[in-house]
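S.K.: Just so you know, this note's numbering puts the end of the sequence shown at 301, numbered straight through with nothing missing. Ideal Cβ positions, reconstructed from N, Cα and C, are used throughout, including at glycine.
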Amino acid sequence: MRLQRTIKKEVTFHGIGLHTGKYATVKLKPASRDTGIVFYRVDKGAIIRANITSVVDTAFATTIGFVNGSDVVKVKTVEHLLAAAAGLGIDNLIVEVDGPEIPILDGSSTKLAGIILEAGIAKQGKKMPFIKISKPVVYEDAHSRIVALPYDGMRISYYINFGHRMLGQQELTVDIDEKTFVQEIAPARTFGFLSDVEKLRANGLAKGGSLDNAVIVGDDGILNAAGLRFEDEFVRHKVLDSIGDLSLIGFPIHGHIMLEKAGHTANINFLKKLITSIDSYSLISSEVDHLPHHVLNYS
């Protein structure tokens, strides 16, 4: 078990939201041990904890929030920031945001990881519990399949097949640590199909999307002038998204997670399956044997 970690100093970034098109400023602040990652909507005076109980939407992004009377307070597209925090081993963090969505920046987690590294990483005087997979856990739906197997560390295997000649089938297996995350996963950008853009915008999504913050795939090729950062950038971004989504369980996972055609909805449903499969994991901690009640009580 390693020590818990936070950042050493406050850092700020700003930009436009991919789906809402709204501009927001984000401040990342150090947090005391056992805080977890907490979002604070400063314009609403509302605190939202980054865990599975807070997920309110998984359509084309992961959104956390809660109902406050007649208002739904939420923060959209949290997965890239959560991935950067998880990939760099940041356990405790305050995220202050003055709008409904985390800025998309360049569509990857590279700038977010850089911002965290600029803040510096501080070790804290308490061990960080982790979930150790001891028996296989399988989640399946009509489109996706996710399997967790025992493994010493965190390994992700991802397979996608979009049936498009530019993407085809892509698969990747990577052991996740700080180095592999920063070099191999963080730079991979979100992507979408030109044919879907009008439909997304008609449904109130992708209002802030552009060639500056997403890879756009047309019928005849990639529309971005600079092309791809990796030949298999698409599956690498899906790994990035999964790291962010899986972090919503609240603890690092030690296991081999195998994902096939999975998106945000499948990722969250897999976590719900995992946390109720109490004979298939152990929470390695000197204080508790299984996940706390607030995590198990996701429904």
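Start and end of the alpha helix (DSSP H) containing Asp198?
M.R.: Stepping through the sequence shown from its first residue, residue 198 is reached at position 196. Looking at the DSSP string, the run of the alpha helix (DSSP H) that includes Asp198 is Leu196 to Ala204.
S.K.: Within the same chain, show all residues whose beta-carbon is closer than 8 Å to that of Ile321, passing over the 5 residues directly before and after it, in chain order.
M.R.: Coverage of the chain is limited to positions 3 through 301, which leaves residue 321 absent and any answer about it impossible.
S.K.: Could you tell me the distance, in whole angstroms, from the CA atom of Ile245 to the CA atom of Phe253?
M.R.: As a first step, residue 245 must be located in the sequence shown, where it is residue number 243. As a first step, residue 253 must be located in the sequence shown, where it is residue number 251. Taking the straight line joining both Cα atoms gives about 12 Å.
S.K.: Determine the contact status of Ser136 and Ala268, defining contact as a CB-CB distance below 8 Å.
M.R.: By one-based count along the sequence shown, residue 136 stands at place 134. By one-based count along the sequence shown, residue 268 stands at place 266. Not a contact, by the Cβ cut-off of 8 Å.
S.K.: What do you reckon, are the CB atoms on Arg7 and Lys128 nearer than 8 Å?
M.R.: Numbered from 1 along the sequence shown, position 5 holds the residue referred to as residue 7. Numbered from 1 along the sequence shown, position 126 holds the residue referred to as residue 128. Cβ distance not < 8 Å, so Arg7 and Lys128 don't count as in contact.
S.K.: Quick check: the stretch 141–161 against the stretch 255–266, are at least 3 beta-carbon pairs closer than 8 Å?
M.R.: Flag = yes, the stretch 255–266 and the stretch 141–161 touch.
S.K.: Assuming contact is defined by CB atoms lying nearer than 8 Å, are Ile106 and Ile18 in contact in what I supplied?
M.R.: One-based indexing of the sequence shown puts residue 106 at position 104. One-based indexing of the sequence shown puts residue 18 at position 16. For Ile106 and Ile18, yes; Cβs fall inside 8 Å.
S.K.: Nearest CA to the CA of Ser287: which residue from Leu83, Ile66, His82 and Ile133?
M.R.: Along the sequence shown, read from residue 1 onward, the residue named residue 287 stands at position 285. The residue with the shortest Cα to Cα distance from Ser287 is Ile133.
S.K.: Which of the three DSSP states is assigned to Lys275 in this structure?
M.R.: Reading the sequence shown from its first residue, position 273 is the one you call residue 275. In this structure, Lys275 counts as helix in the three-state DSSP scheme.
S.K.: At 3 residues or longer, and completely inside the stretch 26–93: list those beta strand (DSSP E) runs for me, N to C.
M.R.: Fully enclosed beta strand (DSSP E) runs of 3 or longer: 39–43, 48–51, 57–59, 65–70 and 73–77.
S.K.: Quick check: what's the CA-CA separation for Thr182 versus Ile255?
M.R.: Counted from its first residue, the sequence shown places residue 182 at position 180. Counted from its first residue, the sequence shown places residue 255 at position 253. Roughly 16 Å separates the two Cα atoms.
S.K.: Rounding to the nearest angstrom, what Cα-Cα distance links Lys275 and Gly38 in this structure?
M.R.: Counting from one through the sequence shown, the residue named residue 275 turns up at place 273. Counting from one through the sequence shown, the residue named residue 38 turns up at place 36. Roughly 22 Å separates the two Cα atoms.
S.K.: Does the distance from the CB of Leu201 to the CB of Leu5 come in under 8 Å?
M.R.: The count along the sequence shown starts at 1 and reaches residue 201 at position 199. The count along the sequence shown starts at 1 and reaches residue 5 at position 3. Sequence check: residue 201 is Lys here, not Leu. For Lys201 and Leu5, no; Cβs fall outside 8 Å.
S.K.: Kindly provide the ranges of any beta strand (DSSP E) runs that are 3 or more residues long and lie completely inside the stretch 139–185, ordered along the chain.
M.R.: Complete beta strand (DSSP E) runs here, min 3: 139–142, 147–151, 156–163 and 171–177.
S.K.: On a CA-only basis, which of Gly109, Gly67 and Thr22 is nearest Leu230? Give me that one, please.
M.R.: Position 228 of the sequence shown, counting from 1, holds the residue named residue 230. The shortest C-alpha separation from Leu230 is found at Gly109.
S.K.: By alpha-carbon positions, which one of Phe232, Ser72 and Leu207 ends up nearest to Asp59?
M.R.: On the sequence shown, residue 59 is found 57 positions in, with the first residue counted as 1. When each option's Cα is compared against that of Asp59, the closest is Leu207.
S.K.: What residue range does the alpha helix (DSSP H) around Ser244 cover?
M.R.: Here residue 244 refers to the residue found at position 242 when the sequence shown is read from its first residue. Where Ser244 is concerned, the enclosing alpha helix (DSSP H) stretches over Glu235 to Leu248.
S.K.: Give me whichever residues DSSP pairs with Lys125 in a beta bridge.
M.R.: By one-based count along the sequence shown, residue 125 stands at place 123. BP columns for Lys125 point to Arg7.
S.K.: In the DSSP assignment, what are the bridge partners of Gly223?
M.R.: Looking up residue 223 in the sequence shown gives position 221. Note: Gly223 sits in a beta bridge opposite Gly220.
S.K.: Would you check if there are 3 or more beta carbon pairs closer than 8 Å linking the stretch 175–193 to the stretch 225–242?
M.R.: Yes: the two stretches touch, three or more of their Cβ pairs being nearer than 8 Å.
S.K.: How big is the Cα-Cα spacing for Asp222 and Val40?
M.R.: On the sequence shown, position 220 is the one that residue 222 refers to. On the sequence shown, position 38 is the one that residue 40 refers to. Approximately 43 Å between the Cα atoms of the pair.
S.K.: State the DSSP-derived secondary structure class of Gly257, mapped to helix, strand or coil.
M.R.: Numbered from its first residue, the sequence shown carries residue 257 at position 255. Gly257: strand per DSSP, three-state reduction.
S.K.: What residues in its chain sit with their C-beta under 6 Å from that of Tyr300, if we drop five residues either side in the sequence?
M.R.: Looking up residue 300 in the sequence shown gives position 298. Legend: pLDDT at Tyr300 = 42, less than 50; position of this residue unreliable, no value from coordinates given.
S.K.: Quick check: Gly194 and Gly211, are their CB atoms within less than 8 Å of each other?
M.R.: Position 192 of the sequence shown holds residue 194. Position 209 of the sequence shown holds residue 211. It is a contact, given that the beta carbons lie within the stated cut-off.
S.K.: If we count the other Cβ atoms within 10 Å of its Cβ and call it buried at 16 or more, is Asp281 buried or exposed?
M.R.: Here residue 281 refers to the residue found at position 279 of the sequence shown. It is exposed - the Cβ of Asp281 has fewer than 16 other Cβ atoms within 10 Å.
S.K.: Just checking my contact of Val97 with Val44 at CB under 8 Å: how many whole Å lie between their CB atoms?
M.R.: Numbered from its first residue, the sequence shown carries residue 97 at position 95. Numbered from its first residue, the sequence shown carries residue 44 at position 42. Not really, about 10 Å apart at Cβ, beyond 8 Å.
S.K.: Between the C-alpha atoms of Val140 and Ala150, what's the straight-line distance to the nearest angstrom?
M.R.: Taking the sequence shown and counting its residues from 1, one reaches residue 140 at position 138. Taking the sequence shown and counting its residues from 1, one reaches residue 150 at position 148. Answer to the nearest angstrom: the Cα atoms are 7 Å apart.
S.K.: At the level of alpha carbons, what is the spacing between Thr79 and Ala63?
M.R.: Looking up residue 79 in the sequence shown gives position 77. Looking up residue 63 in the sequence shown gives position 61. Rounded to the nearest angstrom, the two C-alpha atoms are 5 Å apart.
S.K.: Would Asn215 pass as a contact of Leu20 if the rule is Cβ separation under 8 Å?
M.R.: For this step, residue 215 is matched to residue 213 along the sequence shown. For this step, residue 20 is matched to residue 18 along the sequence shown. Yes, these two residues count as a Cβ contact at 8 Å.
S.K.: On the DSSP bridge assignment, give the partners of Leu95 in chain order.
M.R.: Taking the first residue of the sequence shown as 1, we reach residue 95 at position 93. Answer is Pro32 and Ile39.
S.K.: Which term fits Thr65, buried or exposed, when burial requires 16 or more other beta carbons within 10 angstroms of its beta carbon?
M.R.: In the sequence shown, counting from the first residue as 1, residue 65 sits at position 63. So Thr65 counts as buried.
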